[in-house]
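Structure, as structure tokens:
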Amino acid sequence: MDQLLINSGFPILSVLTFLPLVGALLLLPLRSEEWCRRVSLGFTSLIALLSLKLLFGFDKTTAKFQFVEHKVWIDTFNINYTMGIDGISLLLILLTTLIMPFCVLASWSYIKTRVKSFMICLLIMETAMVGVFAALDFVLFYILWEAMLIPMYMLIGIWGGPRKIYASIKFFLYTLAGSILLLVAIIWLYVANDHSFFIPDMMWQHYSVTAQVCLFIAFFLAFAIKVPMFPFHTWLPAAHVEAPTAGSVILASILLKMGTYGFLRFALPITPEATVILMPYVLWLSIAGIIYGGFTALGQSDMKKLIAYSSVGHMGFVTLGIFVMNVDGIEGAILQMINHGITTGALFLCVGMIYERTHSRELLSATGIGKYMPIFITFLGFFSLSSFAFPGTNSFVGEFMILSGAFQFSTSQNQFPYLALAAIPGAVLAAAYMLRMLQKIVWGGTNNPDLAWLRDFDLNVREIVTLAPFLFFVFWIGLGPQPFLELMHTSVSELLTQFDLHQTGAVAAAGLLGN
Amino acid sequence: MLFLPELTTLGAGLVFFFFSLGRPSNDKVQKSAIAVAGLTLLISLLCVRSEGTLFYGAYQVDLFSQLFKVLIALGTLIILLFSANDAGVKKGLQAEYYLFLFTAVLGLMMLVSSIELLAIFVALEVSSFAVYIMVPMRKNSITSGLQMEAGIKYLLYGVVATGLMLFGMSYIYGLTGTTELAKIAPALSKVYTQPAAIVAILLVLAGFFYKLALFPLHFWVPDIYEGASNETTAFIAAVPKLAAVALLIRMTNLVTGPGMVIVNVLGVCAVLSMFYGNLSALVQKDIKRLLGFSGIAHAGFILLGLLTFQLTGYGTAIYYIVGYLMMNLACFLVICSISQGGKNVAVEDFTGLHKRSPILAITFTVALFALAGIPPFVGFTGKFLLLLGALKQGHLVIVTLAAINTAIAIYYYLSIVRVTFCTDDEDRGAVAINPLMSTLSVLLMLSIVVMGVFPSQFIDMAGSALKLIH
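Chains as they are written, first to last, in the numbering used here: chain A, 253 to 767; chain B, 5 to 474.
So, in structure tokens, the structure goes:
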């Protein structure tokens with residue numbers, strides 16, 4: 253257990269994880285809908301504030317796990333309640349806790365029926381999401397990973413759009429089916445590791461190459477579906493389109509990150525040799541996702557669908573960054589995970605705000621809004637720019653680092669940089685589809701629908717308060733990303749150092765496969 | 005003291021026998037049934053620590069058997085509590101119905117204590133025949149004779165299964181020259197690789213496979229579940245399975261070294277059970293048939309614990325069957341509550357339940373997600389620990405197939421949850437339930453969650469009980 257570093261007497265991670273659950277229980281006896289909203293906002297804000305303690309107490313100089321908590325849970329099977337974070341999970345937890353209050357705010361007037369149940373689902377989601385990023389015991393991780401499906405299913409299935417039944421069941425089945433083999437892999441690792449579920453114990457062990465490849469495939473199915481990588485993405489547009497705004501935001505900002513987090517936390521350290529062997533396939537699937545997402549987004553007339561397909565492309569960049577296996581690539585990928593959470597979350601909030609007014613997500617019925625809703629358009633404009641990685645915004649930094657990582661990857665392999673070149677059209681496509689959307693919404697054409705009545709319905713204070721922090725982070729990360737990169741740097745370097753040490757056998761095996 | 009729980013149920017049976025001679029009011033019969041079941045539970049709890057043997061060593065009272073008796077009494081009490089409106093049983097037969105119910109309970113209690121082949125057989129038959137008679141006691145007007153067909157089928161299939169078991173027992177006696185389990189084990193260990201011994205053991209197991217509804221002795225399930233009244237189905241679906249698991253554990257204990265043939269046969273049965281149950285459940289419209297098929301799949305999971313031939317595996321099997329009891333009772337509580345006049349309930353009858361009765365909707369959802377094996381409920385923890393135990397013994401293929409089955413099963417559970425929670429129906433009225441039922445459903449939900457999140461105590465208890473019989 254030398255990877256552990258206990259530097260806090262206060263069980264901050266448990267508090268962050270279970271405080272939302274306490275909030276959900278407190279909501280149960282409430283009768284007034286207004287108070288349900290207030291209590292949920294209070295709890296999520298409190299958790300957001302508390303999570304800052306992680307940021308200030310975090311030791312950037314070590315790659316060990318911090319804020320560790322350890323309790324025996326199921327003694328007979330050596331299952332423990334272990335939590336801890338490192339530089340990779342810290343930012344994701346902060347993203348989760350900080351985004352939740354805005355999800356509550358965004359649902360303030362959007363959700364009109366069964367408000368209490370909705371808020372309870374949101375709070376249970378938060379428990380599961382924070383827990384997934386903090387869990388260091390594989391059983392704990394898996395329990396929270398799966399438990400998350402229930403509230404998300406409810407969010408889509410109850411408060412969703414017209415095709416909510418189809419979308420929610422597809423979401424549930426797809427994700428559950430993906431994680432089934434993960435369960436078998438977890439148990440296999442437990443048996444192979446002298447009956448331990450402690451995640452750091454499983455890392456950097458020399459499993460046989462065959463076993464690693466099998467494990468990697470099990471991991472890959474679970475995580476690639478969650479990301480979602482092409483061609484496992486088909487549940488995403490359906491779920492995004494039907495989910496209520498808060499559901500879409502949670503889905504885009506946090507749930508998708510769990511897949512990429514899974515790759516970083518499990519696939520690379522547990523199966524380094526298999527990663528090297530299968531890396532080319534994953535990389536080219538990422539490229540396929542980037543290009544495919546871009547082209548499909550270009551053809552959408554439903555704004556939510558457009559953003560959903562753009563997510564496929566953006567997440568393609570993230571997986572590309574992870575699997576080029578160098579500092580720039582992985583740091584860029586983690587940063588891009590945060591960026592995508594901020595930008596796409598904000599874009600979904602924007603679409604939700606239009607939907608609340610016009611009750612349509614169609615691009616055509618929202619053309620020419622720019623004339624009547626200047627404040628809204630300002631926000632939308634900046635978020636769109638950020639979405640296609642305009643210099644000065646957050647995504648530019650992330651995508652730049654990922655592409656730089658991709659170039660370095662080719663150089664290190666003495667290849668022509670096909671990979672990075674193949675990804676670049678994706679960036680161009682992103683500009684094309686986002687600008688197309690922006691142009692239609694701001695100006696439209698000659699026969700715009702009559703939306704003059706929207707003049708009196710520009711964003712209200714609550715909505716401005718919801719969007720402003722996102723804009724703040726867009727520019728902060730865009731102009732000064734150093735503080736964010738510093739938080740993850742030590743952990744990422746350590747990951748890569750260990751990875752280089754443990755992939756030696758794989759190169760020979762890859763050569764064998766090649767012959 | 006040793007025989008007190010059994011004596012209580014026997015007394016209970018007699019009480020209802022005398023009731024049946026007169027013309028007591030329904031209300032009085034039901035109240036006394038609940039009272040007697042409560043008393044039985046209390047006495048089983050008091051006797052949980054008693055130990056000893058009876059009837060010249062044919063009957064053993066130990067922690068293992070006493071725990072199962074408590075569970076049997078608990079399950080019976082809960083079923084009686086939620087079937088209190090008792091719409092399913094034919095008028096004028098209430099007293100007889102309870103007479104047979106308590107006889108069945110008596111048989112099951114005797115079964116878990118029996119450690120001698122003939123005692124096992126007698127106890128099994130006492131419980132089986134009582135249940136055979138309970139099935140056709142359903143109101144005629146509801147099903148137009150379906151219950152008669154179910155009763156006959158149950159009886160005929162049951163007799164065949166018993167025949168197989170007796171045949172196997174005769175082989176065992178022939179091979180070992182004794183009928184006492186304790187003496188059979190060492191005698192059998194010398195010959196257990198012989199085909200005769202394998203056939204004998206498998207045939208004996210077949211009798212309990214029938215009770216547990218395990219492939220290939222599962223075929224009675226859908227028709228009997230559909231034909232029997234809701235309360236009777238709740239009983240058949242939950243309580244006898246407890247005793248069957250207890251006896252299966254005692255029987256597998258006979259196999260001292262795990263003969264590969266037996267392990268393989270059990271593995272194939274487990275996997276086929278899961279596939280058969282889950283795939284058939286996908287297309288069911290009647291909720292009881294659906295739960296019946298899902299029960300076949302769950303029986304396959306329980307077998308995963310037995311084919312490890314390890315104490316921890318048996319322990320998780322016990323844990324899982326207790327969890328299954330809770331999930332099943334929660335489901336049937338909801339079914340009995342929303343069934344109108346004891347009719348069968350179809351999946352679409354749950355439309356808009358979240359509005360008609362929020363508490364029932366939540367209970368049902370929790371129970372279904374638990375059955376589907378979604379954390380943090382007991383169904384997940386149980387499945388996970390069973391898979392873990394099986395993989396420890398190297399059954400990678402079986403474990404993978406079992407895991408795939410979880411994904412298949414989720415679809416039909418989810419479709420019911422969808423109907424319950426995501427649809428609205430203005431035509432169907434609210435479901436009125438009394439405070440007792442809400443309390444009961446909250447308790448069942450709590451037990452599903454608590455057992456799922458903190459399984460340690462339960463597994464340790466099962467473990468210490470198992471040490472005594474090993």
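Glycine included, every Cβ here is placed at the ideal spot set by N, Cα and C.
- Provide the residue(s) that pair with B:Tyr63 in DSSP beta bridges, ordered along the chain. B:Leu58, B:Ser118
- Item | Cβ-based neighbour list, B:Ala41, same chain, cut-off 6 Å, excluding 5 preceding and 5 following | Thr80, Leu81, Leu84
- Item | 7 Å Cβ cut-off: residues of chain B touching A:Phe329 | Leu389, Leu392
- Message: In the DSSP assignment, the alpha helix (DSSP H) including A:Ile421 goes from what residue to what residue?
- Response: 416-444
- Task: Indicate whether B:Ala154 and B:Val139 have their beta-carbon atoms separated by less than 8 Å.
- Result: yes
- Item | Close-in-space but distant-in-sequence residues of the same chain around A:Asn767 (CB under 7 Å, 5 per side omitted) | Model confidence at A:Asn767 stands at a pLDDT of 40, short of 50, so the residue's coordinates are unreliable; what they give is reported in the following sentence. Once the five neighbours on either side are set aside, A:Asn767 has no close Cβ partner at all.
- Message: For the alpha helix (DSSP H) containing A:Lys323, name the first residue and the last one.
- Response: Note, A:Lys323: premise wrong, no alpha helix (DSSP H); beta strand (DSSP E) at 318-326.
- Task: For B:Ala62, collect the residues of the same chain with a Cβ closer than 6 Å to its Cβ; drop the 5 residues on either side in sequence, then sort them by chain order.
- Result: Glu120, Ala123
- Contact set for B:Ala365: own chain, Cβ-Cβ below 6 Å, skip 5 residues either direction: Leu357, His358, Thr424
- Message: Could you give the first and the last residue of the continuous beta strand (DSSP E) run that contains A:Tyr333?
- Response: 331-337
- Query: Which bits of chain A does B:Pro379 rub up against, with CB to CB less than 8 Å?
  - Reply: Tyr394, Ile395, Leu396, Glu398, Ala399
- Message: Any beta carbon from chain A within less than 8 Å of B:Tyr415's own beta carbon?
- Response: yes
- Taking DSSP as the reference, what is the three-state secondary structure of A:Val493? helix
- Chain-ordered neighbours of A:Ile432 on chain B, where CB pairs are closer than 7 Å: Ala407, Ile408, Thr410, Ala411
- Message: Quick check on DSSP: helix, strand or coil for A:Ala684?
- Response: helix
- Who does B:Val93 pair with in a DSSP beta bridge? B:Arg142
- For B:Thr236, is the beta carbon positioned less than 7 Å from some heavy atom of the ligand PLP? This structure lacks the ligand PLP, and indeed carries no ligand of any kind.
- Is it a yes or a no for the region 585-597 of chain A touching the region 632-645 of chain A, going by three-plus beta-carbon pairs under 8 Å? yes
- Identify which residue in A:Thr348, A:Thr314, A:Asp389, A:Ala399 has its Cα closest to the Cα of A:Val768. In the structure as shown, chain A begins at 253 and stops at 767. Residue 768 of chain A is therefore absent and cannot be evaluated.
- Query: At a Cβ threshold of 8 Å, is B:Pro459 touching chain D?
  - Reply: Within the model displayed, chain D is absent; protein chains A and B are what it includes.
- Task: Using a Cβ cut-off of 8 Å (strictly closer), state whether A:Val267 contacts chain B.
- Result: no
- Task: Kindly say whether B:Lys471, judged by its beta-carbon, lies nearer than 8 Å to any beta-carbon of chain A.
- Result: no
- Task: Would you decide whether A:His611 is buried or exposed? Buried here means 16 or more other CB atoms lie within 10 Å of its CB.
- Result: exposed
- Measure the CB-CB distance between B:Pro244 and B:Gly296 and report whether it falls below 8 Å. no
- Assuming B:Val349 contacts B:Ile291 (C-beta within less than 8 Å), just tell me the rounded distance between them. 5 Å
- Residues from the region 492-510 of chain A in contact with chain B, defined by Cβ distance under 8 Å: none
- Item | Three-state secondary structure assigned by DSSP to A:Ala358 | helix
- Message: Less than 8 Å between the beta carbons of A:Ile376 and A:Pro403, yes or no?
- Response: yes
- Which first and last residues belong to the alpha helix (DSSP H) in which B:Trp224 is found? No alpha helix (DSSP H) contains B:Trp224, which DSSP labels as neither H nor E.
- Determine which residues share a DSSP beta bridge with B:Ala350 and list them. B:Asp290
- Message: In whole angstroms, give me the CA-to-CA distance for A:Ser249 and B:Asp431.
- Response: Residue 249 of chain A is absent from the structure shown; chain A starts at 253 and stops at 767.
- Message: Using C-beta distances below 6 Å, list every residue in its chain close to A:Met625, excluding the 5 sequence neighbours before and after it, in chain order.
- Response: Leu706, Asp710
- Query: Opposite A:Asp554 in the DSSP bridges: which residues?
  - Reply: A:Glu614
- Query: A:Ala387 by DSSP, collapsed to three states: which one?
  - Reply: strand
- Item | Nonlocal neighbours in the same chain, by C-beta distance under 7 Å from A:Cys231, ignoring five residues either side | There is simply no residue 231 of chain A to check, as chain A begins at 253 and stops at 767 in what is shown.
- Item | Beta-carbon spacing of B:Leu310, B:Thr256 below 8 Å | yes
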